[in-house]
Amino acid sequence: MVRWIVAAGLVAAGCGGGYTPAGAQKPAKNVVPVVGTLTYQGKPLENYMVSFIPKDGGHNAVGVTDATGNFILGTNKPRDGAAIGSYGVAVAFVGPPPDADKSVTDAPPDPDKLPKAQVTIPTKYTDANTSFINVEVPSGGLPDCKIELK
């Protein structure tokens, strides 16, 4: 009985909490909201992943655009924002979200049958080093981040 009380006390005191497996990053701090719109030649892009790649080697922030080109970035969890700092931006088509009715045991989709992007963007935008799109996330966040691809 005494062992159970001691074990319960250690758990309640947080012993063992905060464990980070080797190689895993700790959660990003100073995460602020980042909401934006992605367009190509003035038209919204749907089902594109917008990736903010930190210049200081921190955590990436990503979001997927909806039918109107809107996205909300997430770093530690979906839609929680991006850490304050400087970023290069990469953009890539990811297709529509998976069908919620499909079972996890379904076979992987045939790549030739996956949906194709309705709009093809230049490949330079798929890499933050070649896109030449740079964004600064300030302490107040970015409520209206516009990314226009040309």
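Residue 1 is where the sequence shown starts when you use my numbering, and the numbers rise one by one after that.
Cβ coordinates follow ideal geometry from the N, Cα and C atoms, glycine included.
Where the alpha helix (DSSP H) containing residue i begins and where it ends
i             : result
threonine 130 : 128 to 131
Segment limits, beta strand (DSSP E) that includes residue i
i             : result
asparagine 70 : 70 to 72
glycine 36    : 34 to 40
lysine 146    : 142 to 149
valine 62     : 61 to 64
isoleucine 84 : Looking at the DSSP string, isoleucine 84 is not in any beta strand (DSSP E), and its letter there is neither H nor E.
glutamate 136 : 134 to 137
tyrosine 48   : 48 to 54
Cutoff 8 angstroms; reference residue i; Cβ partners in own chain excluding five residues on either side
i           : result
proline 138 : Val32 and Ile84
cysteine 25 : It is worth fixing the name first, because residue 25 is glutamine in this sequence and not cysteine. Excluding sequence neighbours, glutamine 25 sits near His59.
lysine 146  : Gly36, Thr37 and Thr39
6 angstroms CB neighbourhood of residue i in its chain, flanking five on each side removed
i                : result
phenylalanine 93 : Tyr48 and Ala117
lysine 55        : Ser86
7 angstroms CB neighbourhood of residue i in its chain, flanking five on each side removed
i           : result
leucine 114 : Gly95
alanine 28  : Gly58, His59, Thr75, Asn76 and Ala83
leucine 45  : Leu38, Thr39, Thr65, Gly69 and Val119
Reference residue i; option with closest CA among the options
i             : options                          : result
lysine 77     : Val50, Gly63 and Val89           : Gly63
threonine 68  : Ile147, Glu148, Lys43 and Asn129 : Lys43
arginine 79   : Ala90, Thr65 and Gly88           : Thr65
threonine 75  : Val50, Tyr40 and Val119          : Val50
asparagine 40 : Val34, Ala128, Thr130 and Thr120 : For the sequence presented, residue 40 should be read as tyrosine rather than asparagine. For tyrosine 40, the nearest C-alpha among the options comes from Thr120.
Supposed close pair residue i, residue j - CB separation, criterion 8 angstroms
i              : j                : result
asparagine 60  : phenylalanine 71 : Actually they do not touch by this definition, with Cβ atoms about 14 angstroms apart.
valine 91      : threonine 37     : Between threonine 37 and valine 91 the Cβ distance is about 12 angstroms, and since that is not below 8 angstroms, they are no contact.
asparagine 134 : glycine 88       : 6 angstroms
valine 34      : leucine 142      : 5 angstroms
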